[in-house]
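What follows is a set of notes on a single structure, which appears directly below.
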Amino acid sequence: YSDGGISTYVFNNKAGAFADAALRQAFNTALNAQEAMTAAYTNEEFFKLDSGLALPSQVNWHSEAGRENYNQGDIEKAKQLVEESSYSGEELTILTTKDYQDHYNLAVVAQQVLEAIGVKAKLDVYDWPTFQEIRTEPTNYDMFAMTFAVRPTLHQYPFLDSKAEY
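When we follow the numbering used here, the leftmost residue of the sequence shown carries the number 67, and every step to the right adds one.
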């Protein structure tokens, strides 16, 4: 996270390859969060890594549950998970914008991570208003990177709404 909010990857889990939890797990297993955040924010003085969904300062909600699955950077284990998934070689679409350089840089990292584990991926780059429109249709993308402003309580994060259109 940074002072600007929580940076995350949003998967299209309603349609396409990332509907398979094993492929999402493969990406998360391969991701090196330090490298991703450095690409987005250039220097660790501008961000902090934490496995919790809530910030450490949000003491009523912060948890380290699942920490062992965070920031593994394990390419070989991730490749095995890809093999176990239903991924069949199709090219995945990473939606992004250059209007927010951190979003774009995180998308580039995602593409590199996916390619490192044997998953084809391309970037679809749009201006921010077009990005916002395109992401409302699940068939238009497989994933995107975004920063959500820090909320006082967890239930205010739109990505936690099971009815949200992500």
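Beta carbons: idealized from backbone N, C-alpha and C, even for Gly.
Buried or exposed (CB count within 10 angstroms, at least 16 for buried), residue i
{"i": "Leu147", "result": "buried"}
{"i": "Asn137", "result": "buried"}
{"i": "Leu115", "result": "exposed"}
{"i": "Gly82", "result": "buried"}
{"i": "Asn78", "result": "buried"}
{"i": "Thr205", "result": "exposed"}
{"i": "Ser73", "result": "buried"}
{"i": "Arg133", "result": "exposed"}
{"i": "Thr108", "result": "exposed"}
{"i": "Asn135", "result": "exposed"}
{"i": "Thr202", "result": "exposed"}
{"i": "Ala211", "result": "buried"}
{"i": "Ala215", "result": "exposed"}
Terminal residues of the beta strand (DSSP E) in which residue i lies
{"i": "Phe77", "result": "Ile72 to Phe77"}
Identified DSSP bridge partners for residue i
{"i": "Phe214", "result": "Ile72"}
{"i": "Leu189", "result": "Ile160"}
{"i": "Met103", "result": "In the DSSP output, where bridge partners are listed per residue, Met103 has none listed."}
Alpha helix (DSSP H) segment containing residue i, residue limits
{"i": "Ile141", "result": "Ile141 to Glu150"}
{"i": "Val175", "result": "Gln167 to Ala182"}
{"i": "Trp194", "result": "Trp194 to Ile200"}
{"i": "Phe84", "result": "Segment: none, Phe84 is in no alpha helix (DSSP H) and carries neither H nor E."}
- Given 8 Å as the limit, is there contact between the segment 148-161 and the segment 116-129, that is, 3 or more CB pairs closer than that? Fewer than three beta-carbon pairs drawn from the segment 148-161 and the segment 116-129 are found closer than 8 Å, and the two stretches are therefore not classed as touching.
- Do the segment 125-133 and the segment 164-175 meet, that is, are 3 or more Cβ pairs less than 8 Å apart? No: fewer than three Cβ pairs fall under 8 Å.
- Query: Does the count of Cβ pairs from the segment 87-106 and the segment 194-204 closer than 8 Å reach three?
  - Reply: No: fewer than three Cβ pairs fall under 8 Å.
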